[in-house]
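Have a look at the structure below, then the notes.
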């Protein structure tokens, strides 16, 4: 603050000792634009706003007059408090120091009392002008349901709105405009400080509202009180109103003209007293409208008040996906001509990574541009590979040991280069690695990267299959590339053998899961895909699992073929497989053999019940078979090819007429093309629309082992563009093609499907007789038929998760979204139709709201009929084997009960079935739901979703009986409570069993043998031998399910490591035991009243015994953040509240990020739904991998006070899932000094304060 003597700027003073009257010329002017007049200064009050050159004090009075006075003519003035008719602060002078002091003072009062009273400078002339302008405005009344939100309680007034903010006007400012400017100034004062002081970001303010009392009954009768009608709802008026209610924070109420009155502030907290403030003209009161209501009662009719509201940021929603039936989703996304998205569990394709001939490298568009423009990508063998002339002899003079073919489709990048450091490979090892190994490392990781995975925790230990097709090359067959005397050549064998292709990728990235390398010559890659596709198929519930761990939901499907030497050319020229002309003339009369091509590529495939929005396409069918006995081993077999195509189409559920385009093997050989077209004709000729037949080999040659990947990706791209690509070099059809009566097109230019989506299939045939086929679906994502742009008018509800029951609710008004089959479900764009009580929040769903409505929902009282049939409960107490009929509750038709006793692990799971129909289940919206979680169904969409009755943290003993009550309502209600009754008979005979999964079980659960005795109850045992590696790992499972595993807190075999589980938080942890090969090891598991004991007996280890911990500490919780340099620090358990806490201090930046993890495991993190979110404001998700997709979602805290202490609290059982993680500030986030510094930094140097840095990037340890 600038100081001159003992009267600093902003000091309140009272004038004395001046002449009784000052002429207008003696005044310095006015601050509100009024004309200077004669003025009686003595007794007037104001504030110091400056000094002149003679050290006279410049004073601005509260009636907006500026004049000079000596210090002797001023005396300090201390106003009465607001309750006595005074005020807190005076509006500041036009000085940064004064503005800073004012802003800090205003926030201190707002934080302490919820309001701040400010004395403005306003002349009588401007008050009269404002009154006159207000009387000329066009007044009206709001809708009855809206008035209270703006006018408070007990109002009798009319309102009008200024059409624009004063600062946006270029000319014609009115008296009302000059007052309106102060609202904008105050909003700007709040901007750098409110985020940390009041926990909101000032985003904007409303236009000013002018209110005046009705002058008389006749005046009141002119303004009718209308109610909201259906047309208003359809126009979105209620939506806009609720948006205002959710965003309003501070109300600024400015009395321009008044003969007196009162403002009563009514706190939301009933324990606080109302505040009654006497009001007068020139007084502005700012109060937290989100925390208090008000009554403004003027004493006379000549009263003019302006109001404006500071609004916080509007809600920012991130589109996650569409829910509903597939036909409706397709329609909303524009898929309305052609086939719809396939239903059910399907294999969807995500990231693509490839490098093919013709410059197809780096992006999908490079490949599409090449094939769609009929590009010839064939070139002569470049000298950068080898001098082909050395091995060349013309076809007419060809001799064995030479090649007449010297053209191929080569990749454009250097096949001998590798970013070895990225993959942790030494330069020496990289030197001897085969080009195929190098390319697949890079292309495989490219596909994973584009899917969202990153090298490190998101891939380490991931259960994903790797399937690759490769047939070897000159590097593989010739040991010369890996022979030498230098140390690097010790890697030569592993570097050249193609048997290590998939293993190297899995080793480098840490991927676990089945891997296969397929060599069937020209069909290798598509056969590899077919194998992976089969392993990803889900077996039905009644089917027995296979003997090896084939249950995977993700696979990396790849193929590779490189041409690092001339040997392949020479060997293929012997049987004259290669084209003399140097081109693949697929389908053309000049077909005389194929041209070799190279490439490497792949994609990530995932099993999904509902297709993700970012999925590239869907592989809906795949089939493999063999020619068997044919004309020769290398001759193609038409009937076998036809049967292979039919097999894939059967899985896809396709008829011939549905397939739009066929990507043929099409090598351009005189024998192969006619046989393949004939095989296709045998399957596809019963159709109305002609089928497009294309082949990528005419563009880039025959990719041999990688040809299936090249063709499959091309199929996806054609469906993505809804176009069939031209066949390069096609001038005249091969006369041997049998196409009579076969509706088919061999396009020579880019050809429109005419649909928004399509099916396409690719075939590959190995010259050893191995046939393969795959069919894909995709909707158009480019071109004139492009889909994917969401038509919001066809979206019924825009939903978010309720923070309490986690079910879907409308993002704006919290409307509980009914089941799609409910009569309450609106099959149209939903508009808000209800307004809750004055202080009610809209951030939880309407089914949980039990307050009054200012506007009642239109569907109030409507109820869906109770499901017909008997309710059955199925639970974990007998491994979901037997369903038990529930009892009707006191003859109520919509309520059922059942008694459940906790087993030895103190936790049980269950769901409900209507008439014991597994396709009519009622289940929680999330797995392991508590009783507050919303029930869903009855339907078959709740696989793996059960309610969890858990007595572990609360230390409820085994055998405790709970009464489970289910009530059919809107939505249904699930509840349970302890009851003091004997354990029901069915639980006396129900038993859990225990299984072990270990390195010797092939990834499957094997039942343990019960060895219980009277002294050792509920004890189970397994014996195994140490294998050749000298190490074995294992973990247990209750009832043989993956979400009920028992495991150590840290992998290993230390006795001080506690036991965790049974739960779904294992994340691949297990015990590891070592010993001599062949040594027998006995492993025992005992579970008694939730206490788990594991005993290991072996000659090498002796006897090792480990125990669990009961209560909340059966898992430990750690925090990691910028304040700890991302090191885990353990949180402390508060035994009384069962919450975990951590105290720390803020750094110099005033901004910190963090997350919380169970058992120091990055894969078991708790994090906010939206990134960089302040704790307590977004739903907390987890436990799960925070690093999935690279940078994870983190909590963000900020303060203005340097070194402020904070306390993070973690309560994983919080009803409000936003408050699983919260933060407290024992010493406060701000103080006057820090707020003033932040204000100056922001206003003078444009330094953004911490509270506004919502998207500040942060370096995290997994990047």
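In UniProt numbering, the protein residues as written are 1 to 1263.
Beta carbons: idealized from backbone N, C-alpha and C, even for Gly.
- Put simply, of 96, 12, 34 and 1221 the residue whose alpha carbon is nearest the alpha carbon of residue 71 is 12.
- In this structure, the CA atom of residue 178 is about 7 Å from the CA atom of residue 32.
- Taking C-beta separations shorter than 8 Å and ignoring five residues to either side along the sequence, the partners of residue 811 in its chain run 315, 317, 798, 799 and 800, following chain order.
- As for any beta strand (DSSP E) of minimum length 3 sitting wholly inside the segment 217 to 254, there is none.
- At the C-beta level, residue 413 and residue 420 stay beyond 8 Å of one another.
- Contact between the segment 1084 to 1092 and the segment 1008 to 1028 is established, with three or more Cβ pairs separated by less than 8 Å.
- A straight-line Cα-Cα distance of about 33 Å links residue 93 and residue 157.
- Rounded to the nearest whole angstrom, the CA to CA distance from residue 415 to residue 708 is 20 Å.
- Taking a cut-off of 8 Å on C-beta distances, the segment 1156 to 1163 does not touch the segment 1198 to 1206, as fewer than three cross pairs fall below it.
- Distance from the Cα of residue 285 is smallest, within the candidate group 55, 1082 and 83, for 83.
- Looking at 30, 470, 664 and 104, the one whose alpha-carbon comes closest to that of residue 598 is 470.
- Note that the C-beta distance between residue 1026 and residue 1105 is not below 8 Å.
- A contact is defined here as three or more CB-CB pairs under 8 Å, and the segment 18 to 35 meets this definition with respect to the segment 118 to 126.
- If you look at residue 1209, you'll find it in the beta strand (DSSP E) that goes 1205 to 1210.
- DSSP places residue 801 inside the beta strand (DSSP E), whose first and last residues are 799 to 801.
- Beta-bridge analysis with DSSP links residue 606 to 348 and 554.
- Boundaries of the alpha helix (DSSP H) around residue 450: 435 to 451.
- Straight-line spacing of the CA atoms in residue 940 and residue 1180 works out to 27 Å.
- One thing to note: residue 423 has its Cβ within 8 Å of the Cβ of residue 508.
- Under the three-state reduction of DSSP, residue 291 is assigned to coil, being neither helix nor strand.
- In this structure, the straight-line span from the alpha carbon of residue 1128 to that of residue 1116 is close to 11 Å.
- A check of alpha carbon separations from residue 568 across 620, 401 and 640 identifies 401 as the nearest.
- Sixteen is the threshold: since fewer than 16 other Cβ atoms of the shown chains lie within 10 Å of the Cβ of residue 792, the residue is exposed.
- Secondary-structure assignment with DSSP links residue 835 through a beta bridge to 855.
- If you draw a straight line from the Cα of residue 61 to the Cα of residue 294, it comes to about 30 Å.
- When the five nearest sequence neighbours on each side are left out, the beta carbons in the same chain lying within less than 8 Å of the beta carbon of residue 580 are those of 395, 404, 405, 592 and 593, in order along the chain.
- With fewer than 16 neighbouring CB atoms inside 10 Å of its own CB, residue 629 falls in the exposed class.
- With a threshold of 16 other beta carbon atoms within 10 Å, residue 693 meets it and is buried.
- With contacts defined as CB atoms closer than 8 Å, residue 727 and residue 587 qualify as a contacting pair.
- Note on residue 135: under 16 other CB atoms within 10 angstroms of its CB, so exposed under the neighbour-count rule.
- In this structure, residue 760 and residue 719 form a Cβ contact; the two beta carbons are roughly 5 Å apart against a cut-off of 8 Å.
- Restricted to the segment 66 to 90, the beta strand (DSSP E) segments that are unbroken, complete and at least 3 residues in length are 74 to 76, listed in chain order.
- For residue 466, the uninterrupted beta strand (DSSP E) run begins and ends at 465 to 469, by DSSP.
- Residue burial is scored here from C-beta neighbours: residue 1245 has fewer than 16 other C-beta atoms within 10 angstroms and is therefore classed as exposed.
- Exclusion of the five residues before and after residue 203 leaves 247, 311, 312, 313 and 314 as the residues of its chain whose Cβ lies within less than 8 Å of its Cβ.
- Within the segment 175 to 225, the complete alpha helix (DSSP H) segments of 4 residues or longer fall at 175 to 190, 194 to 197 and 217 to 221, listed in chain order.
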